[in-house]
Each structure stands twice: as structure tokens, then as C-alpha cells.
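Student: Residue numbers (our numbering): 56 to 176.
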Amino acid sequence: MRVLLTGAAGFIGGHMCRAMLDQGFEVLGIDNFDPFYDRSIKEETIRELSTDSRFSFAEVDIRDDSALSGMLAHVDIIVHLAARAGVRPSIDEPALYASVNVGGTVSLLEACRAAGVQRLV
């Protein structure tokens, strides 16, 4: 089965990718390398995952409808872990957090519907 995992370069996303690979899934990870955490840490996570031939990666923002629609053709399951992190910064930039965390999820749901993906976790 092929899984698309959003937020793949983050701490939780990277560990979830590894767990899914260990269970035999093919994983397409996406992440936008949000600057809340150091990009080099996220890049190292992707480098480590990329040693497995069943892992592929694309730098994509979940709000990018056209990028999402092109990726879901052969996806069986989506695991959605992408989000803008941090409570304190969300107070300073509520529109950005709503755009990513709510709007991005809506974009993902619409892409699922259009591609016929039945499972989103």
C-alpha cells in the first residue's frame, strides 16, 4: 500500500515514516520545511529516510492544490501530520496559522475527494 504522509520531515512525521516503512508500506513524504524548526534537522531526517528505496519525498506546502492533486493518483492512505507548530507564535500570526492548519487541511480533504482517496488519518 502507498501512503502519503504530510509533515514527513518533522519529529513526529519522521518517526511515523520510519514506522510505516518498517511495516512494509511505500511512503511518499511531503513537507514544506517550515522555519519553526531548523531546516538542517529536517533535511537530515529526510536523508535518513531516503536510504530506504520505498521512501520518496517532495517539498510541498499542503495549501498548494495543484501540487496535491498531482500526487494522489496512486495513494491508498494519507497520514496528515503537517501543521504550523507553536502556541505563542500563533497568537502573533493567527491568520497564518489558520491558513496552514485549517486551510491546508481543507485543501488536503478536497484533493482526497477529487482523487478518490478513501482513508485519511
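For glycine and all other residues, C-beta sits at the position ideal for the given N, C-alpha and C.
For F66, which of helix, strand or coil comes out of DSSP?
Tutor: Looking at F66 - three-state DSSP - the assignment turns out to be helix.
Student: Would DSSP call T61 helix, strand or coil?
Tutor: DSSP places T61 in strand when its eight states are reduced to three.
Student: Quick one, are the C-beta atoms of G84 and A137 less than 7 angstroms apart?
Tutor: Result no, Cβ atoms of G84 and A137 do not sit closer than 7 angstroms.
Student: Could you check whether the Cβ of I85 sits closer than 6 angstroms to any heavy atom belonging to the ligand COA?
Tutor: This structure lacks the ligand COA; in fact it carries no ligand of any kind.
Student: How would you call I67, buried or exposed, if buried means at least 16 neighbouring beta carbons within 10 angstroms?
Tutor: By the 10 Å Cβ count, I67 comes out exposed.
Student: G171: which of V130, S145 and G159 sits nearest, CA to CA?
Tutor: Out of V130, S145 and G159, V130 has the C-alpha closest to the C-alpha of G171.
Student: Specify the secondary structure class of E99 as computed by DSSP and reduced to three states.
Tutor: The answer is helix: DSSP assigns E99 an H, G or I state.
Student: Give me the Cβ distance between V82 and R102, rounded to the nearest whole Å; I'm assuming they're in contact under 8 angstroms.
Tutor: Going by Cβ atoms, the distance from V82 to R102 rounds to 15 angstroms, so no, they are not a contact pair.
Student: Following the continuous beta strand (DSSP E) through I133, name the residue where it begins and the one where it ends.
Tutor: That run of the beta strand (DSSP E) goes I132 to H135.
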